[in-house]
Structure formats: structure tokens, C-alpha cells
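Comments concern the structure below.
Protein chains: 2
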Amino acid sequence: MSRRGDDGRIALRHGAGGPAMRALVSSLFARGAPRELPGGGIGLGALDDGAALRVGDRWLVFTTDGHVVDPPFFPGGDIGRLAVCGAVNDLAMMGATEVLGLSLCVMLEEGHPREQIERIQASIEAACREAETRVLCGDTKVLGRGDLDGVVLSSAAIGFVRKGRAPVRDCTLRPGDEILVSGTVGDHGMAVMARRHELACGPEEELRSDVAPLNGLVEAALAAGGESVVAMKDPTRGGVASALAEMATKSGVGILLEEEQLPVRPAVRAACELLGVDPLQVANEGKALFGVRPEQSDAVLAALHAHTLGKHARRIGRCLAEHAGSLILDTGFGRRLVQEADGELLPRIC
Amino acid sequence: MSRRGDDGRIALRHGAGGPAMRALVSSLFARGAPRELPGGGIGLGALDDGAALRVGDRWLVFTTDGHVVDPPFFPGGDIGRLAVCGAVNDLAMMGATEVLGLSLCVMLEEGHPREQIERIQASIEAACREAETRVLCGDTKVLGRGDLDGVVLSSAAIGFVRKGRAPVRDCTLRPGDEILVSGTVGDHGMAVMARRHELACGPEEELRSDVAPLNGLVEAALAAGGESVVAMKDPTRGGVASALAEMATKSGVGILLEEEQLPVRPAVRAACELLGVDPLQVANEGKALFGVRPEQSDAVLAALHAHTLGKHARRIGRCLAEHAGSLILDTGFGRRLVQEADGELLPRIC
Numbered sequence: 001m002s003r004r005g006d007d008g009r010i011a012l013r014h015g016a017g018g019p020a021m022r023a024l025v026s027s028l029f030a031r032g033a034p035r036e037l038p039g040g041g042i043g044l045g046a047l048d049d050g051a052a053l054r055v056g057d058r059w060l061v062f063t064t065d066g067h068v069v070d071p072p073f074f075p076g077g078d079i080g081r082l083a084v085c086g087a088v089n090d091l092a093m094m095g096a097t098e099v100l101g102l103s104l105c106v107m108l109e110e111g112h113p114r115e116q117i118e119r120i121q122a123s124i125e126a127a128c129r130e131a132e133t134r135v136l137c138g139d140t141k142v143l144g145r146g147d148l149d150g151v152v153l154s155s156a157a158i159g160f161v162r163k164g165r166a167p168v169r170d171c172t173l174r175p176g177d178e179i180l181v182s183g184t185v186g187d188h189g190m191a192v193m194a195r196r197h198e199l200a201c202g203p204e205e206e207l208r209s210d211v212a213p214l215n216g217l218v219e220a221a222l223a224a225g226g227e228s229v230v231a232m233k234d235p236t237r238g239g240v241a242s243a244l245a246e247m248a249t250k251s252g253v254g255i256l257l258e259e260e261q262l263p264v265r266p267a268v269r270a271a272c273e274l275l276g277v278d279p280l281q282v283a284n285e286g287k288a289l290f291g292v293r294p295e296q297s298d299a300v301l302a303a304l305h306a307h308t309l310g311k312h313a314r315r316i317g318r319c320l321a322e323h324a325g326s327l328i329l330d331t332g333f334g335r336r337l338v339q340e341a342d343g344e345l346l347p348r349i350c
Numbered sequence: 001m002s003r004r005g006d007d008g009r010i011a012l013r014h015g016a017g018g019p020a021m022r023a024l025v026s027s028l029f030a031r032g033a034p035r036e037l038p039g040g041g042i043g044l045g046a047l048d049d050g051a052a053l054r055v056g057d058r059w060l061v062f063t064t065d066g067h068v069v070d071p072p073f074f075p076g077g078d079i080g081r082l083a084v085c086g087a088v089n090d091l092a093m094m095g096a097t098e099v100l101g102l103s104l105c106v107m108l109e110e111g112h113p114r115e116q117i118e119r120i121q122a123s124i125e126a127a128c129r130e131a132e133t134r135v136l137c138g139d140t141k142v143l144g145r146g147d148l149d150g151v152v153l154s155s156a157a158i159g160f161v162r163k164g165r166a167p168v169r170d171c172t173l174r175p176g177d178e179i180l181v182s183g184t185v186g187d188h189g190m191a192v193m194a195r196r197h198e199l200a201c202g203p204e205e206e207l208r209s210d211v212a213p214l215n216g217l218v219e220a221a222l223a224a225g226g227e228s229v230v231a232m233k234d235p236t237r238g239g240v241a242s243a244l245a246e247m248a249t250k251s252g253v254g255i256l257l258e259e260e261q262l263p264v265r266p267a268v269r270a271a272c273e274l275l276g277v278d279p280l281q282v283a284n285e286g287k288a289l290f291g292v293r294p295e296q297s298d299a300v301l302a303a304l305h306a307h308t309l310g311k312h313a314r315r316i317g318r319c320l321a322e323h324a325g326s327l328i329l330d331t332g333f334g335r336r337l338v339q340e341a342d343g344e345l346l347p348r349i350c
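Following this line, the structure appears as C-alpha cells:
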């Protein structure tokens with residue numbers, strides 16, 4: 001039997017947001033790509049949430065995101081809302097809170113009901129209003145019956161970092177920095193899984209996707225914390241575990257998480273237990289992780305609490321000089337290493 | 001029996017680049033979207049090749065393109081080359097010849113051979129070198145077996161119009177303007193169709209896709225013609241017929257084409273006859289149509305002829321005050337109205 005990944009074929013885990021995906025991207029799609037662009041910009045080789053280019057006296061950020069969620073409608077959102085928020089949030093994680101606009105590429109299967117596309121479009125429009133942006137350009141492709149399961153979208157976005165600020169990276173944590181999360185963990189992934197498997201884990205309002213545009217929340221955090229907000233990432237595929245593992249590895253620090261501080265809704269915890277999944281490995285679509293210098297973390301936390309999307313924000317951990325690249329969970333009874341998911345746990349979750 | 005398009009389901013022709021697609025886009029994806037953006041920019045509602053935004057003293061253009069070609073490898077190119085050229089050419093058609101970079105979203109079917117993706121990636125890198133640009137950001141998604149036929153890509157691009165110039169539109173033709181095409185017509189579509197149906201129409205080198213990045217060619221045309229180059233469009237899906245019909249409709253002019261002037265390779269003509277297809281309706285991926293004020297058309301034509309990708313450029317028609325929105329073919333024996341294709345002629349051609 002061949003080892004996992006050695007059979008020369010693409011596997012679901014190559015899209016799962018964890019180590020297999022990062023290995024595919026760095027050995028193939030980003031091979032030879034520069035980390036730094038002329039003028040100090042951020043290139044594909046940096047494998048950050050997007051690229052940053054100097055334009056005049058400002059930083060322009062450019063990001064893209066594909067959306068293949070199954071089912072396309074789920075409690076709390078749909079693939080259209082996801083397409084807008086995914087691109088807007090990637091911009092926001094680089095500090096680009098002034099969204100210039102989005103592109104949207106729609107790929108449809110022949111025979112798909114137009115009524116579904118109407119609902120998705122209405123959702124795109126509503127999410128754009130929330131994010132105070134708009135779709136600027138698009139493309140439509142139709143594939144024959146059986147060539148595509150329903151509908152997939154891809155979006156890209158461009159936006160500016162506010163004048164006088166620099167882009168925010170994911171590789172600049174240092175020991176002592178504190179880790180904040182903007183709210184409850186695991187909501188999106190468990191809402192989609194529950195809908196897919198028709199799980200009942202309490203009332204539906206308890207198991208809803210958190211999909212939301214974070215540019216406003218991030219602007220509030222940056223306004224409060226300034227340059228003390230040194231790193232950001234949205235914990236989508238692969239969840240908080242993958243996002244923090246990536247930040248820890250790139251920054252050369254360890255990250256110690258306090259389990260008791262981790263906000264998880266009871267229904268999400270119940271669904272996770274039913275499916276044998278760690279909430280840390282579950283996708284979020286409306287949450288941000290912040291790495292903040294300790295002297296400003298109270299101010300940033302207060303700014304998050306004052307925002308509608310940050311009411312449940314928490315300080316969940318801190319960076320260590322030891323255990324570089326590792327994520328360690330303090331359970332209250334002891335410490336254990338958190339592993340990233342690297343399997344076919346949740347295909348087509350976003 | 002329901003009328004075509006009245007059954008509330010997406011059909012292949014909704015992605016064919018003709019009237020059905022334009023109707024779907026304007027009634028759904030672009031409904032309510034402004035044609036003009038604040039500051040005089042070009043918005044989604046203009047349904048041009050991309051959007052244009054004022055950034056400082058320059059115009060930034062943003063475009064996107066989906067790529068679903070079947071088969072993914074064809075004589076003269078592959079889906080990777082298509083993804084780079086599609087986005088670069090949409091920028092170029094707006095006058096943005098200074099390409100800042102591309103985004104690339106890759107969607108793969110589980111089980112797809114990695115070796116194919118390696119070949120596609122090598123082709124992306126080569127096309128980027130030709131276009132003097134690079135991929136700046138990306139995303140990778142994997143769908144389960146049977147959820148997607150192989151591989152689809154979507155790209156977006158950002159670029160600047162050269163300082164002091166304005167974006168080039170597709171709606172500003174006026175009677176007397178001349179229409180130039182940068183080379184032979186129908187090469188891409190017929191190469192893909194021949195490969196798909198294993199047609200033999202002469203040596204393979206005669207039936208090759210023209211897929212190529214046009215930013216260099218367009219820069220040469222704009223340098224020669226300046227503001228006399230009043231309109232551009234690349235005749236992709238729907239071919240020259242759809243591109244010129246759209247330009248004629250938006251500009252409120254008629255366009256008279258001279259059939260004898262239309263450059264068509266003998267092998268392409270033979271394949272078209274075999275399949276009963278009009279070369280005017282066949283997709284191109286490395287050709288541009290220019291609308292030029294008559295006093296500068298010789299200069300622009302000379303500039304095209306001097307470029308590797310413009311050796312077979314021709315003056316193929318001119319704009320009329322009458323027959324607004326129509327494309328008329330002068331066959332040498334008489335005149336006839338050219339209809340756009342609006343069927344399932346060539347699904348997944350790009």
C-alpha cells in the first residue's frame with residue numbers, strides 16, 4: 001500500500017487547509033514565487049492571506065478565495081454570503097479594511113434552478129451592503145450536467161490599508177504577544193455539517209454559521225491597537241488549530257492556548273462530541289485571531305467587545321519562546337500538543 | 001413545451017457568451033449595479049471587460065475570468081495558459097497594459113493526477129513570463145470524486161492604464177470608425193473542438209489555439225493610435241460576431257464587415273465547414289478587435305503588423321450610422337445580417 005499522498009493523485013486533504021494543502025501549495029502553485037515583492041510588498045511566496053503592493057503612498061492588498069460549500073444553503077448563510085465574506089476577510093486580515101470591491105466568478109451546472117441563483121445573488125448583495133462594498137466585475141460559466149455538482153463561486157478582492165499604516169502579517173509574533181479571538185469557535189463548520197448530516201443538536205439558532213464580513217471589526221481593533229496588533233488570521237478551513245500552527249511556524253514561536261478561555265457554543269460542543277471532532281479544528285467564517293503586544297491587548301479586547309461581531313471576544317493564549325512552531329493546549333489539568341487535522345474530516349466546508 | 005429559457009433552469013447557452021448570457025448577467029448578477037462609479041470609474045453595470053477605478057492620478061483596472069475548458073490540454077495551450085491570458089487580455093481590452101499581477105483559484109477533483117497539475121502550473125509560469133507578470137495570490141479547493149470534472153480555474157487581475165491615458169471602452173464607436181482585428185479568426189475554438197472530437201483537418205500545427213497574452217500588442221496599438229483607439233474587445237466565447245454585436249449595440253452604430261478581409265486559416269475554415277459552424281461565432285483567445293478613428297487606422301495597423309502577435313492583422317469593417325446594433329456582412333455578392341450564436345454550440349470552450 002502506498003503511503004498517504006504518495007500515489008500522485010490529488011486527495012481531499014489537499015484542500016483541507018492543513019499541512020497537506022500547505023505542502024501542495026508551496027511545492028507546486030507557489031514554488032519559486034517571491035515572498036517579498038519589489039518595494040517591500042508581500043508576494044505569493046509569503047503564503048499570507050493575500051498580496052500587498054505599494055501604490056503611491058498606500059498599500060493595496062489583493063486576495064482570492066474559492067467557494068465550494070455543500071450544501072450551498074446552510075443555517076446562517078449560503079455560498080453567496082461566503083464568497084463576499086471570504087474575500088473581504090482575507091483583505092481585513094492583511095489590514096486592508098477599506099475594500100475597493102470584489103470580483104465574482106460563477107460556475108454553474110446545466111439544469112441548476114435559476115431560483116437558487118436568485119437567492120444566492122440576493123445574499124451577495126446583502127453581504128456587500130454589510131461590508132460597505134460592491135461587486136466590480138464578474139464572469140459566468142456553465143458546465144454540462146454531471147460536470148459540476150451545482151454551483152461554485154470564486155471571488156477576489158482589492159482594498160487599501162489605511163493611510164500611514166503597514167499591512168499586517170501572520171509571521172511577526174514574538175514571545176509574550178497575546179492571542180485574542182473575536183468570538184465563539186467552530187460555528188460555521190458545525191452548522192454546515194449539521195445541515196449535511198441532518199444532525200439535531202438543539203434548536204437551529206444555536207447551530208448557525210458565523211459567516212460575516214470582518215472589515216469593520218478589524219478596523220476597530222486596528223484603531224485601538226495601532227501597530228501593537230502585529231498579526232491577524234481568520235481561522236477558516238483547518239480551524240483555529242491550523243491558523244495558529246501556521247502563525248507559530250512562520251513566526252518561530254510556540255503558542256500556549258488556555259482551553260478554559262476558548263469560547264465554544266454548547267450546541268457546537270455537542271455536535272463536535274457527536275462527530276468526534278475537536279472544535280479547534282472546525283472552520284469559522286466570521287472570526288479573527290489577533291496577535292497583540294501585551295501592553296495593548298486590553299485596549300484591543302475592549303474595542304472588540306464594543307463591536308457587534310466581537311461581543312464574545314476573549315484572550316485565549318500567549319506566545320512562548322520555546323516549542324517554536326507548536327500549538328500547546330493548557331487543559332487546566334495539564335498540557336498537550338494540539339495536532340492539526342490533516343484528513344478528509346470536513347470536505348467542501350467553505 | 002416550454003420556450004427556450006422559460007423553464008427556470010440554467011442552460012448551457014447561459015454561459016455561451018451570446019444574448020442568453022448577457023440577459024442572465026444583466027437581469028441577475030449585474031442587476032442594479034452602477035455603470036459608472038464615483039469619480040467617473042467604470043462599474044459592473046457597464047458590462048465591459050472589467051472595472052476601472054481612479055487611484056491617485058491613474059486608472060486601476062480589475063477583471064476576472066473563469067476557465068472550464070474541456071479537454072484541459074489542447075493543441076497550442078492548456079487551461080493554465082488560458083487562465084493567465086484570459087485575465088491579462090481583459091485588462092488589456094480596457095487599456096490596462098501594465099499588469100500588476102494575477103490571482104488564481106484552483107478547483108480540483110479528488111483523484112486528479114498531480115502530474116497534470118504540474119504541467120498546468122508550468123504553463124501558468126511560462127504564460128506569466130510572456131505577459132511580464134506574476135501570480136500574486138491564490139486559493140486551492142478540492143471537491144469529491146464526481147463533484148467536478150477534473151479541474152477548473154478562475155483568475156482575476158489588476159493593472160494600470162499608462163499615466164495620462166483613460167481606460168478604453170467598448171461603447172464609444174461612432175459612424176466612420178474602422179474595425180481592425182489583430183489576426184486570424186476562430187483558431188482557439190476549432191483547436192479545442194478538433195481535439196474533443198478527434199477531427200483530422202490537416203496537420204495539427206494548422207489547427208492550434210491562438211491563446212496568448214495581448215498586453216504587449218495592445219500597448220503597441222495604443223502607443224501608435226493614442227486616443228484614436230476608441231474601443232477594444234477580445235472576441236472570446238461567441239467569437240467576433242458576439243463581440244462586435246455587443247460593441248455595436250452599446251455604441252448605437254451598425255458595423256459592416258467585409259467577408260473577403262476576414263483572416264481565417266484554411267484548416268479552421270475546413271473544420272468549421274465540417275461542423276457547420278460560422279468562423280465568426282468561434283472563440284478566440286489571442287485576438288483583439290479595435291475600433292479606430294479612420295485617420296489613425298493606418299498607423300495602428302502598421303503597429304500591429306510590426307508585433308509578433310499582429311502579423312495577420314487586417315482592417316475588416318467600419319461603423320455605420322444606420323442599422324444600429326447590427327452586424328452586417330458584405331459577402332462580395334451582397335449583404336446579410338450576421339446572427340450571434342445563442343445555442344449550445346461549443347460548451348466549455350474556454
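Chains as they are written, first to last, in the numbering used here: chain A, 1 to 350; chain B, 1 to 350. C-beta atoms are modelled at their ideal positions from N, C-alpha and C, and glycine is treated no differently.
Using 7 Å as the limit for Cβ to Cβ distance, is L47 (chain A) near chain B?
Position 47 of the first sequence holds residue 47 (chain A). No, L47 (chain A) does not count as interfacial toward chain B.
Just to confirm, is the Cβ distance from A313 (chain B) to S182 (chain B) under 7 Å?
For the purposes of this step, residue 313 (chain B) is taken as the residue at position 313 of the second sequence. For the purposes of this step, residue 182 (chain B) is taken as the residue at position 182 of the second sequence. Going by C-beta atoms, A313 (chain B) is nearer than 7 Å to S182 (chain B).
Sequence-distant residues of its chain with Cβ nearer than 7 Å to I349 (chain B) (five each side left out)
Taking the first residue of the second sequence as 1, we reach residue 349 (chain B) at position 349. Leaving aside the five residues that flank I349 (chain B) on each side, the residues in its chain whose CB is nearer than 7 Å to its CB run, in chain order, V69, G189, V192, R237, A283.
Report the neighbours of F290 (chain B) on chain A: residues whose CB is nearer than 8 Å to its CB, in chain order.
Your numbering for residue 290 (chain B) matches position 290 in the second sequence. None at all; the shortest Cβ gap to chain A is about 21 Å.
Among A:H67, A:A33, A:G325, which one has its Cα closest to the Cα of A51 (chain A)?
Translated into positions along the first sequence, residue 51 (chain A) becomes position 51. Checked all of A:H67, A:A33, A:G325; the closest Cα to A51 (chain A) is A:A33.
Does the distance from the CB of V84 (chain A) to the CB of I124 (chain A) come in under 7 Å?
To locate residue 84 (chain A), count along the first sequence from 1; it is residue 84. To locate residue 124 (chain A), count along the first sequence from 1; it is residue 124. Yes, Cβ-Cβ distance for V84 (chain A) and I124 (chain A) is below 7 Å.
How far does the beta strand (DSSP E) with C350 (chain A) in it reach, from first residue to last?
As a working note, residue 350 (chain A) is residue 350 in the first sequence. Unbroken run through C350 (chain A): none, as it is neither H nor E.
Contiguous beta strand (DSSP E) assignments of at least 3 residues, all confined to the region 21 to 62 of chain B
Segments of the beta strand (DSSP E) lying fully in the region 21 to 62 of chain B: 51 to 55.
Between B:G41, B:G252, B:Q281, B:L12, which has its C-alpha nearest L262 (chain B)'s C-alpha?
Numbered from its first residue, the second sequence carries residue 262 (chain B) at position 262. Closest option to L262 (chain B), Cα to Cα, is B:Q281.
Proximity below 7 Å, CB of L44 (chain B) to CB of A23 (chain B)
Sequence index remark: in the second sequence, residue 44 (chain B) carries index 44 (1-based). Sequence index remark: in the second sequence, residue 23 (chain B) carries index 23 (1-based). It is not a contact, given that the beta carbons lie outside the stated cut-off.
Going along the chain, which residues of its own chain have a beta-carbon closer than 7 Å to the beta-carbon of L256 (chain B), five neighbours each way excluded?
Within the second sequence, numbered from 1, the residue matching residue 256 (chain B) stands at position 256. So the list reads G317, R318, L320, I328, D330, once near-sequence residues are dropped.
When you compare only the Cα positions, how much space is there between V99 (chain A) and L275 (chain A)?
Stepping through the first sequence from its first residue, residue 99 (chain A) is reached at position 99. Stepping through the first sequence from its first residue, residue 275 (chain A) is reached at position 275. Going from the Cα of V99 (chain A) to the Cα of L275 (chain A) covers about 38 Å.
Contained beta strand (DSSP E) runs [length at least 3] in the region 259 to 303 of chain A, N- to C-terminal order:
289 to 292
Closest to R286 (chain B) by CA distance: which of B:R196, B:G186, B:I42 is it?
The residue you call residue 286 (chain B) lines up with position 286 of the second sequence. The identity of residue 286 (chain B) in the sequence shown is Gly, whereas the question assumes Arg. Out of B:R196, B:G186, B:I42, B:G186 has the C-alpha closest to the C-alpha of G286 (chain B).
Can you check which of these residues, A:R134, A:P294, A:R174, is closest to L53 (chain B) by C-alpha distance?
Here residue 53 (chain B) refers to the residue found at position 53 of the second sequence. Measuring from the Cα of L53 (chain B), the nearest candidate turns out to be A:R134.
Count the C-beta pairs between the region 144 to 163 of chain A and the region 287 to 301 of chain A that are closer than 8 Å, then say yes if the count reaches three, no if not.
no
Near A87 (chain B), what residues of its chain come up, given a Cβ to Cβ distance below 8 Å and the 5 sequence neighbours on each side ignored?
Your numbering for residue 87 (chain B) matches position 87 in the second sequence. Closer than 8 Å at Cβ, skipping near neighbours: T63, T64, D65, L102, S155, A156, A157.
Take E259 (chain A) and list the residues in its own chain whose beta-carbon comes closer than 8 Å to its own, dropping the five residues that flank it on each side.
As a working mapping, residue 259 (chain A) is identified with position 259 in the first sequence. Answer for E259 (chain A): L329, D330, T331, G332, listed in chain order.
Find out if the Cβ-Cβ distance for the pair L108 (chain A), I10 (chain B) is shorter than 7 Å.
The sequence position of residue 108 (chain A) within the first sequence is 108, counting from 1. The sequence position of residue 10 (chain B) within the second sequence is 10, counting from 1. Yes, Cβ-Cβ distance for L108 (chain A) and I10 (chain B) is below 7 Å.
Distance cutoff 7 Å, beta carbons only. Does E110 (chain B) sit that close to anything in chain A?
Along the second sequence, read from residue 1 onward, the residue named residue 110 (chain B) stands at position 110. Closer than 7 Å to some Cβ of chain A, the Cβ of E110 (chain B) qualifies, so yes.
Measuring only the C-alpha atoms, how far is P38 (chain A) from V152 (chain B)?
In the first sequence, counting from the first residue as 1, residue 38 (chain A) sits at position 38. In the second sequence, counting from the first residue as 1, residue 152 (chain B) sits at position 152. Those two C-alpha atoms are separated by around 31 Å.
List, in order along the chain, the chain A residues whose C-beta lies closer than 8 Å to that of Q121 (chain B)?
Numbered from 1 along the second sequence, position 121 holds the residue referred to as residue 121 (chain B). Chain A residues near Q121 (chain B): L28, F29, R31.
When we look at the beta-carbon of G76 (chain A) and count the other beta-carbons within 10 Å, is it buried (16 or more) or exposed?
By 1-based counting over the first sequence, the position of residue 76 (chain A) is 76. Burial call: buried.
Using a C-beta cutoff of 7 Å, does G144 (chain A) count as contacting chain B?
Your numbering for residue 144 (chain A) matches position 144 in the first sequence. Interface residue (Cβ-Cβ distance to chain B less than 7 Å): G144 (chain A) is classified as such.
Residues of the region 92 to 117 of chain A with Cβ closer than 8 Å to any Cβ of chain B, in chain order:
L100, G101, S103, L104, C105, V106, M107, L108, E109, E110, G111, H112, P113, R114, E115, I117
Of all the CB atoms in chain A, is at least one closer than 7 Å to the CB of K163 (chain B)?
Within the second sequence, numbered from 1, the residue matching residue 163 (chain B) stands at position 163. With 7 Å as the cut-off, K163 (chain B) does not count as an interface residue toward chain A.
Can you give the Cα-Cα distance for G176 (chain A) and P294 (chain A), rounded to whole angstroms?
Start at 1 with the first residue of the first sequence, and residue 176 (chain A) comes out as number 176. Start at 1 with the first residue of the first sequence, and residue 294 (chain A) comes out as number 294. Using only the alpha carbons, I get a separation of about 7 Å.
Write down the C-beta distance between M232 (chain B) and T140 (chain A) rounded to the nearest angstrom, noting that I regard them as a contact closer than 8 Å.
The residue labelled residue 232 (chain B) in the question sits at position 232 within the second sequence. The residue labelled residue 140 (chain A) in the question sits at position 140 within the first sequence. Actually they do not touch by this definition, with Cβ atoms about 21 Å apart.
If you run the structure through DSSP and keep just helix, strand and coil, what is A166 (chain A)?
Within the first sequence, numbered from 1, the residue matching residue 166 (chain A) stands at position 166. The three-state secondary structure of A166 (chain A), taken from DSSP, is coil.
Going along chain B, which residues have a C-beta under 7 Å from L24 (chain A)?
For the purposes of this step, residue 24 (chain A) is taken as residue 24 along the first sequence, with counting starting at 1. Per Cβ cutoff of 7 Å: T140.
Verify the CB distance criterion: does P347 (chain A) have a CB-CB separation below 7 Å to chain B?
Taking the first residue of the first sequence as 1, we reach residue 347 (chain A) at position 347. Judged by the 7 Å Cβ criterion, P347 (chain A) is in contact with chain B.
Supposed close pair L47 (chain B), S26 (chain B) - CB separation, criterion 8 Å:
Against the second sequence, residue 47 (chain B) aligns to sequence position 47. Against the second sequence, residue 26 (chain B) aligns to sequence position 26. Right, their Cβ atoms sit about 7 Å apart.
Residues of the region 49 to 73 of chain A in Cβ contact with chain B at a cutoff of 7 Å, in chain order, please.
Residues of the region 49 to 73 of chain A with a Cβ closer than 7 Å to any Cβ of chain B, in chain order: G50, A51, L53, V55, G56, F62, T63, T64, D65, G66, V68.
Cβ distance (whole Å) where G266 (chain A) is taken to contact G150 (chain A) below 8 Å
On the first sequence, position 266 is the one that residue 266 (chain A) refers to. On the first sequence, position 150 is the one that residue 150 (chain A) refers to. What sits at residue 266 (chain A) in the sequence shown is Pro, not Gly. That belief does not hold up - the Cβ atoms of P266 (chain A) and G150 (chain A) are roughly 32 Å apart, past 8 Å.
Name the residue from B:F74, B:V230, B:A341 whose alpha carbon lies nearest to the alpha carbon of R174 (chain B).
Here residue 174 (chain B) refers to the residue found at position 174 when the second sequence is read from its first residue. Measuring from the Cα of R174 (chain B), the nearest candidate turns out to be B:V230.
Would you identify the three-state DSSP class for H323 (chain B), choosing helix, strand or coil?
For the purposes of this step, residue 323 (chain B) is taken as the residue at position 323 of the second sequence. In this structure, H323 (chain B) counts as coil in the three-state DSSP scheme.
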